[in-house]
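The opening residue of the sequence shown carries number 5 in my numbering; numbering runs sequentially from there.
Glycine residues also receive a C-beta, built at the ideal position from the N, C-alpha and C atoms.
Being a predicted model, the structure only gives us computed values, none of them experimental.
Note sheet for the following structure.
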Amino acid sequence: MYQTLQPLIGCCYRVDRKSVGLLYETISILTNIAFNTLQKNAFMNALFDVKDKVVILSGHQGRMGVSLADCLVQEGAIVLLLGSCPEEGRALVEAMILKGGEAAFFEVDPSDAFGLLQVQEDIMLEYGRIDALVYELEGLPNMTMASCSCGLLDVTPPTPCQSTNNWLENALLTIRTFLKPMLRQQEGSIVFLLDYPQTRRRVSECTHTQVLRDVTVLTKALAGELVQRFGSTYRVNTLMVGNDNPVQFNPENLQGTLHFLISEASLAMTGNIVLVDEGFHIFADNATLTTEFV
C-alpha cells in the first residue's frame with residue numbers, strides 16, 4: 005500500500021507537511037480497519053469450519069443423507085458411512101474420494117451391538133476421535149415417553165418405550181456406542197435427519213404435524229438426558245425437511261443447515277428442531293395475528 009501511495013505522499017510533502025500527517029493518519033485508520041476485518045473473517049470462518057472433523061453417517065442413508073455427506077466431504081470433513089449394504093456404501097465412498105474428499109465405509113448391522121462396538125474401536129484406532137454422529141431416521145418416532153421408566157440411553161430391548169418398529173432401538177444403540185468417545189473428548193454433536201416425504205410414503209396415515217410432534221419429543225428427551233447426565237457440551241438437534249409436496253424438496257438446499265449444526269457455530273444449540281419445509285408450517289395451523297390500535 006505504501007509503495008502505491010508513495011508518489012502521492014511525496015507530492016503532499018512538497019505542498020504541505022500537515023497534509024502528509026493527515027494522510028498517514030488516514031492510512032493508519034484504514035490499516036486498522038482492514039486488520040480488524042480480517043480478524044473477524046477468520047473468526048467466522050473458524051466458527052463454521054468442519055475441516056478434518058470426523059463425522060459418522062448412519063441410519064437410513066436416503067437421498068438426504070447422501071447429499072449432505074457429499075457436501076461435508078467437499079468442505080473438508082472426514083465422512084465415515086455405516087451400513088449393511090457394502091456395494092452401495094463403497095460406491096458412495098468412491099465417488100466422494102474421486103472428488104478429493106476423505107471418506108470410508110464400514111459394513112455393520114445396526115442391530116448388532118458387538119459389531120457397532122468393533123466399528124467404533126476401529127474408527128478410534130484410525131482417526132482418534134469422533135466429532136459428530138448424523139443419524140437419518142427411517143421411521144416415525146411414535147414414542148410414549150410417559151411409559152419410559154429409565155433414560156433413553158439405558159433402554160435395551162425389550163424397551164419400555166414403545167415404537168412402531170425396531171429402527172428406534174437401532175438408533176439408540178448406535179448413539180450409545182458412538183457417544184462413548186465423545187464423552188472422553190468431553191464434547192460432541194448428534195444430529196437426527198428426518199425426510200418427511202419419505203416417512204409419509206412408508207407410513208401413509210402420518211401427518212406433518214404428527215411427525216413434527218413425535219420427533220420433537222425424541223430430540224428434547226435425548227438432549228435433556230445428555231445435559232443432565234454429562235453437561236452442556238453435548239448437542240442433540242434434528243433437521244426435519246420436506247412438506248406435503250415432495251416435488252418442491254431439494255436435498256442440496258439443506259447442506260448449509262447441516263454444516264451449521266455440526267460446526268462450532270451451533271455450540272449453544274441443543275434440543276432444537278430445525279424445520280426446512282419452504283414455509284409449509286406457517287400455514288399449517290392457519291395462524292392469524294389480530295392487532296388493535298387504540
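Starting from residue i, follow the alpha helix (DSSP H) in both directions and report where the run begins and ends.
i, result
"S71", "R67 to Q78"
"T242", "No alpha helix (DSSP H) contains T242, which is instead part of the beta strand (DSSP E) from Y238 to V245."
"A227", "H212 to F234"
Below 8 angstroms CB to CB, which residues in the same chain sit around residue i once its five sequence neighbours on both sides are set aside?
i, result
"D281", "Y200, H212, M244, V245, G246 and N247"
"N241", "S193, I194, V195, F196, T223, A227, L265, S270, M273, T274, G275, N276, I277 and V278"
"A99", "D74"
"L51", "S267, E268 and A269"
Check residue i in the structure and name its three-state DSSP category.
i, result
"E140", "strand"
"N174", "helix"
"S3", "The displayed coordinates of the chain run from 5 to 298. Any statement about residue 3 would go beyond what the structure contains."
"D199", "strand"
"G93", "helix"
"S88", "coil"
"G119", "helix"
Just curious, the beta strand (DSSP E) that residue i is in, first and last residue?
i, result
"A107", "E106 to E111"
"I266", "Segment Q259 to I266 is the alpha helix (DSSP H) holding I266; no beta strand (DSSP E) there."
"L61", "V58 to G63"
"I134", "First-last for I134: undefined, no H or E at that position."
"L279", "N276 to V280"
Hey, would you say residue i sits closer than 8 angstroms to residue j, going by beta carbons?
i, j, result
"F237", "I277", "The sequence shown places Thr at residue 237, not Phe. No; because the gap between Cβ atoms is not below 8 angstroms, this pair is not in contact."
"L183", "V123", "no"
"L197", "G275", "no"
"Y139", "S62", "yes"
"G80", "I134", "no"
"Q202", "L72", "no"
"F234", "L187", "yes"
"L120", "T178", "yes"
"A107", "L84", "yes"
"S88", "V112", "yes"
"P185", "M128", "yes"
Using C-beta distances below 6 angstroms, list every residue in its chain close to residue i, excluding the 5 sequence neighbours before and after it, in chain order.
i, result
"L94", "Going by the sequence as given, residue 94 is Arg instead of Leu. Once the five neighbours on either side are set aside, the close Cβ partners of R94 are F109."
"P162", "Reliability fails at P162, whose pLDDT of 44 lies under 50, so the model's placement of it is uncertain and the value that follows must be treated cautiously. Closer than 6 angstroms at Cβ, skipping near neighbours: no residue."
"V231", "none"
"A46", "Annotation note: pLDDT 44 at A46 (below 50); position unreliable, coordinate value reported separately. There are no such residues."
Which residues in the same chain as residue i place their Cβ atom closer than 7 angstroms to its Cβ, once the five residues preceding and following it in sequence are excluded?
i, result
"Q189", "R133"
"V54", "L76, E79, G80, A81, H263, I266 and S267"
"E142", "G63, H64 and W171"
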